[in-house]
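Q: Here the sequence shown is numbered in the UniProt record's numbering, starting from 1 and rising by one per residue.
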Amino acid sequence: MAEADFQTDDAPLATSKRSGAVDEATGALLEPKGDSLVARAVTINRPVAELYAYWRDFRNLASFMDNVVDVSPIDERRSHWTVKAPGGRTVEWTAVITEERENELIAWASEDGADVPNSGRIDFRDAGARGTVVTATVLYDPPGGAIGKLIAKMFQREPAIQARRDLRRFKQLMETGEIATSSRTRQQFEEEKA
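(1) By the three-class DSSP mapping on this structure, what secondary structure does residue 58 have?
(2) Which residue from 92, 48 and 181 puts its Cα closest to that of residue 72?
(3) Count the other C-beta atoms from every protein chain shown that fall within 10 angstroms of the C-beta of residue 63, then say buried if there are 16 or more, exposed otherwise.
(4) Here's the rule I'm using: 16 or more other beta-carbon atoms within 10 Å means buried, otherwise exposed. How should residue 95 be labelled?
(5) Under a three-way DSSP split, which group does residue 87 fall into?
(6) Please determine, among 166, 109, 180 and 115, the residue with the shortest C-alpha to C-alpha distance to residue 98.
(7) Would you check whether the ligand PLP has a heavy atom nearer than 7 Å to the C-beta of residue 48?
(8) May I have the straight-line CA-CA distance separating residue 170 from residue 119, to the nearest angstrom?
(9) Spatial neighbours of residue 42 within its chain, please: C-beta separation below 6 Å, excluding the five flanking residues on both sides.
(10) Confirm, please, whether the CB-CB distance from residue 130 to residue 66 is below 8 Å.
(11) For residue 124 and residue 54, which I take to be in contact (beta-carbon distance under 8 Å), what is that distance rounded to the nearest angstrom?
(12) Which residues in the same chain have their Cβ closer than 7 Å to the Cβ of residue 70, if we skip the five residues on either side of it in sequence?
(13) Who does residue 167 pair with in a DSSP beta bridge?
(14) Just to confirm the assignment: which complete beta strand (DSSP E) runs, minimum length 3, are found wholly within the stretch 101-140?
(15) For residue 44, which three-state DSSP category applies?
(16) For my contact list, residue 46 and residue 132 are in at a C-beta cut-off of 8 Å; report their separation, rounded to the angstrom.
(17) Specify the secondary structure class of residue 39 as computed by DSSP and reduced to three states.
(18) Relative to the C-alpha of residue 121, which residue among 114, 139, 115 and 128 is closest?
(19) With DSSP as the reference, label residue 74 as helix, strand or coil.
(20) Within 10 angstroms of the Cβ of residue 39, are there 16 or more other Cβ atoms? Answer buried if so, exposed if not.
Have a look at this one:
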């Protein structure tokens, strides 16, 4: 496969089987923080500028990111995140934008002292008549190391699972104006599990 074919592929670079692709994806993060790499992509039938603008207002993220409780902007480059973690607790950190190109990408890294050190980037690429390819690449340190990662996976709070679901919800919200839900509410589901 030619190099040009890799550039037009919608799959995130971190998922490529090409030798060195994961290192290349990690190297694209200006301040790599974390040791677990997650990358997911989705094609959304909306213009790049619309998707970028919605994502760039970080207060909107809790509308489709299931585990995000709140994102509060501190200033133009910093925001405070509160996120659900396994066991009914929350984790918090302050993130700073490390690189931004309007309608193209937003990259960030958590500041020192984060409950979950992390960094990543969201890329927006025009896909012509298909809309926009949105790619999320996240590098993180799970709280509690490998055991914490296993517990997060069991509780469906592991970033690889969440990234796929969150991007799917983002697609639904941007294309239809709503997010499809099951007939049971989250509270009903939690009570049933107990």
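Even for Gly, the Cβ is constructed at its ideal location relative to N, Cα and C.
Note that the coordinates shown come from a computational prediction; the quantities given were computed from them, not determined experimentally.
A: Let me lay it out:
(1) helix
(2) 92
(3) exposed
(4) buried
(5) helix
(6) 109
(7) The ligand PLP is absent from the structure shown, which contains no ligand whatsoever.
(8) 20 Å
(9) 134, 167 and 171
(10) no
(11) Not quite, the Cβ-Cβ distance comes to about 11 Å (not below 8 Å), so this is no contact.
(12) 62 and 82
(13) Paired residues: none, contrary to the question.
(14) 105-110, 118-126 and 132-140
(15) strand
(16) 6 Å
(17) strand
(18) 139
(19) coil
(20) buried
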